[in-house]
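The structure appears below as structure tokens.
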Amino acid sequence: MLNPFLLTAAFYLVVAIVVVLDAVLTSFNLIPWFVGLPWLRAHFVTLGVLAQAAFGVLPAFVANRRGAEAPATRWDIWLLLNSGLVVLLAGMPSVNSTLIIAGGTLVFIAVTLLILQLRGIGGEQQTQGNGSLKFYLMGLVYLLVGIIIGTGLWVGWSEPLRIAVPKEAHIHANSWGFASLVFAGLLVDLLPALTGKALASRRAVAAIFWAMSLGALGLVLGPWLGGNLVVTVPGLALHIGATVALLILLARRLRGAGLYARAGAWHLSLSYTWILLPVMMAPLIILEVANVPGAEIEATAPQALIYGWMGQFLYAVVPYFAARWLLRDSQARLGGNWFSLVTVNLGAALIWASIFLTGVRGPIHAAAYIFLGLSLAAAAWETGVITLAALRRAEQGAAQPA
Ligand code: HEM
């Protein structure tokens, strides 16, 4: 059976290219801007590729670590997640409250069922695991918080929930909560297969987990409570500390295995530049240092975060997941090539440049999206080739008489 979540992730990789093209044309004023464009651009990557890929591989990783059989596809979860996404795709651009609440609720239920599924996975001779499960569960709990805030963002829930800066709280819950923790868990699970060695000792992995989880809590509560420094500053320090430690351990293992000879390892490592950069800027924004355009950074940096960090990390792991779970290739390697590496990092750098070079913002934005579109096309091509090979094989298998 082909993993439907990974097939859908490959589909949304292609859709994401179309919306990036849209961004290029609107930046050149060739077609009119419309209200749903930034939402679609962000969420084709976050919900379309990131969430699908996570839903597709987490049960298999957890089962593997616990010595259990790989669980059967949960079509109910796939249907809930994807019908929710489709309803949101209709509701967000038209700012239709009923559709937004319906879509958000469907996605919320899908995430809850995935949490229950992961918790229920256990083998006969249940092994202790390598510590990745807690990253996944905590990441998904932050996703639930992010969904509640995101669903309420345009339908007026922020006031009764007393969320002072809801957009920031949503981004922080999903980026520094969900994506950070799930990516860290994936690295814990992937490194032994890629390098033959564990990412780090169990104690080091547990310390990263707690620092990241508590850090994310501070970073969500900060904007929720209107920029409260008592929670934001320790949250920031814990999160930066955990991320830098994770990066050092990752780089050590990748270098030890000689993987920096290929672009995939660089994609994984360099992607973290684009989450650390806004984190480094945060103190300057909070302290209102002169010449640092805080409002512009808050409005524009999320785009670099989505493509430069989440997108780039996915360029390395999605082709790997497709090869391993669609093509059943036990020798699967990280995805990405030198072209996708240069284009995605150049695109993210240009998005940051557009924040400071106000006079030429339109053309720089357009150039950024051209590079990001090219990098997406390279990733979609690589994933597409693997996916098509798997589909052909499945078709040929189905055509054989029993
Ligand atoms: C049911 C799920 C979700 C809903 C209803 C939702 C809703 C929203 C809304 C209403 C915005 C505000 C857009 C604006 O004001 O311009 C937004 C922005 C954003 N969301 Fe979500 N979201 C969801 C899931 C996610 C996920 C899973 C992630 C990341 C993993 C994510 C990351 C972001 C980011 C980074 C932005 C800022 C985009 C920008 O300003 O360019 N969201 N979301």
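Numbering of the sequence shown is given in this note's numbering, commencing with residue 139 and proceeding in unit increments. Glycine included, each C-beta is placed from N, C-alpha and C at the ideal position.
Rounded to the nearest angstrom, what separates residue 491 and residue 501 at their Cα positions?
As a position in the sequence shown, residue 491 is number 353, starting the count at 1. As a position in the sequence shown, residue 501 is number 363, starting the count at 1. Roughly 11 angstroms separates the two Cα atoms.
Could you tell me the distance, in whole angstroms, from the CA atom of residue 175 to the CA atom of residue 157?
Residue numbering aside, residue 175 sits at position 37 when the sequence shown is read from its first letter. Residue numbering aside, residue 157 sits at position 19 when the sequence shown is read from its first letter. If you draw a straight line from the Cα of residue 175 to the Cα of residue 157, it comes to about 8 angstroms.
With a threshold of 7 angstroms, establish whether the CB of residue 89 neighbours any heavy atom of the ligand HEM.
A query on residue 89 cannot be resolved here, the shown segment of the chain reaching from 139 to 540 and no further.
DSSP state of residue 314, grouped into three classes?
Here residue 314 refers to the residue found at position 176 of the sequence shown. The answer is helix: DSSP assigns residue 314 an H, G or I state.
For a test of the three-state rule: what should DSSP assign to residue 398, helix, strand or coil?
Position 260 of the sequence shown holds residue 398. Of the three classes helix, strand and coil, the one that applies to residue 398 here is helix, per DSSP.
May I ask you to report which of helix, strand or coil DSSP gives residue 441?
Locating residue 441 in the sequence shown gives position 303, where the first residue counts as 1. Helix, per DSSP.
The alpha helix (DSSP H) that contains residue 150, what's its start and end?
Position 12 of the sequence shown, counted from the first residue, corresponds to residue 150. Annotation for residue 150: the continuous alpha helix (DSSP H) segment containing it runs 142 to 165.
Quick check: the segment 297 to 313 against the segment 269 to 285, are there 3 or more CB pairs under 8 angstroms?
The segment 297 to 313 vs the segment 269 to 285: in contact.
Taking 8 angstroms as the cut-off, decide whether the C-beta atoms of residue 402 and residue 485 are in contact.
Locating residue 402 in the sequence shown gives position 264, counting from the first residue. Locating residue 485 in the sequence shown gives position 347, counting from the first residue. The answer is no: Cβ separation not under 8 angstroms.
Reduced DSSP secondary structure (H/G/I, E/B, other) of residue 366
As a first step, residue 366 is located in the sequence shown; it is residue number 228 there, counting from the start. Three-state result, residue 366: coil.
Assumed close pair residue 313, residue 413 - CB separation to whole angstroms, cut-off 8 angstroms
Against the sequence shown, residue 313 aligns to sequence position 175. Against the sequence shown, residue 413 aligns to sequence position 275. With a Cβ gap of about 7 angstroms, residue 313 and residue 413 count as contacting.
Same chain, Cβ closer than 7 angstroms to residue 344, five either side skipped, listed in chain order:
Your numbering for residue 344 matches position 206 in the sequence shown. 269.
DSSP-derived helix/strand/coil call for residue 209
Numbered from its first residue, the sequence shown carries residue 209 at position 71. Note: residue 209 maps to coil in three-state DSSP.
Only counting runs of 4 or more residues, tell me where the alpha helix (DSSP H) segments fall wholly within the segment 479 to 539, in order along the chain.
With a minimum length of 4 residues, the continuous alpha helix (DSSP H) runs that stay inside the segment 479 to 539 are 499 to 537.
Reference residue 276; option with closest CA among 532, 358, 315, 239
If you number the sequence shown from 1, residue 276 lands on position 138. The shortest Cα separation from residue 276 among 532, 358, 315, 239 belongs to 315.
DSSP three-state call for residue 375: helix, strand or coil?
Working through the sequence shown from its first residue, we reach residue 375 at position 237. Residue state, collapsed to three classes: helix.
Can you give me the C-alpha to C-alpha distance between residue 163 and residue 516, rounded to a whole angstrom?
On the sequence shown, position 25 is the one that residue 163 refers to. On the sequence shown, position 378 is the one that residue 516 refers to. In this model, residue 163 and residue 516 are separated by some 20 angstroms (Cα to Cα).
Note down, one range per segment and in chain order, each alpha helix (DSSP H) of at least 4 residues found wholly within the segment 288 to 353.
Listed in chain order, the complete alpha helix (DSSP H) runs (minimum 4 residues) inside the segment 288 to 353 are 304 to 310, 318 to 333.
For residue 242, tell me which candidate among 253, 226, 507 has the shortest Cα-Cα distance.
Counted from its first residue, the sequence shown places residue 242 at position 104. Among 253, 226, 507, the Cα nearest to that of residue 242 is on 226.
Less than 8 angstroms between the C-beta atoms of residue 380 and residue 350, yes or no?
Residue numbering aside, residue 380 sits at position 242 when the sequence shown is read from its first letter. Residue numbering aside, residue 350 sits at position 212 when the sequence shown is read from its first letter. When the beta-carbon positions are compared, residue 380 and residue 350 come within less than 8 angstroms of each other.
Take residue 388 and list the residues in its own chain whose beta-carbon comes closer than 8 angstroms to its own, dropping the five residues that flank it on each side.
Looking up residue 388 in the sequence shown gives position 250. The beta carbon of residue 388 is closer than 8 angstroms to those of 325, 329, 337, 406, 407 in its chain, skipping five residues each way along the sequence.
Does residue 534 pass the burial test, meaning 16 or more other C-beta atoms within 10 Å, or should it be called exposed?
The residue given as residue 534 occupies position 396 in the sequence shown. Answer is exposed; the Cβ neighbour count stays below 16.
In chain order, what residues of the same chain have a beta carbon less than 7 angstroms from the beta carbon of residue 153, not counting five sequence neighbours either side?
For the purposes of this step, residue 153 is taken as residue 15 along the sequence shown, with counting starting at 1. Only 182, 186 meet the Cβ criterion.
Rounded to whole angstroms, what is the Cα-Cα separation between residue 200 and residue 208?
Residue mapping note: residue 200 aligns to position 62 of the sequence shown, counting from 1. Residue mapping note: residue 208 aligns to position 70 of the sequence shown, counting from 1. Distance between the alpha carbons of residue 200 and residue 208 is about 9 angstroms.
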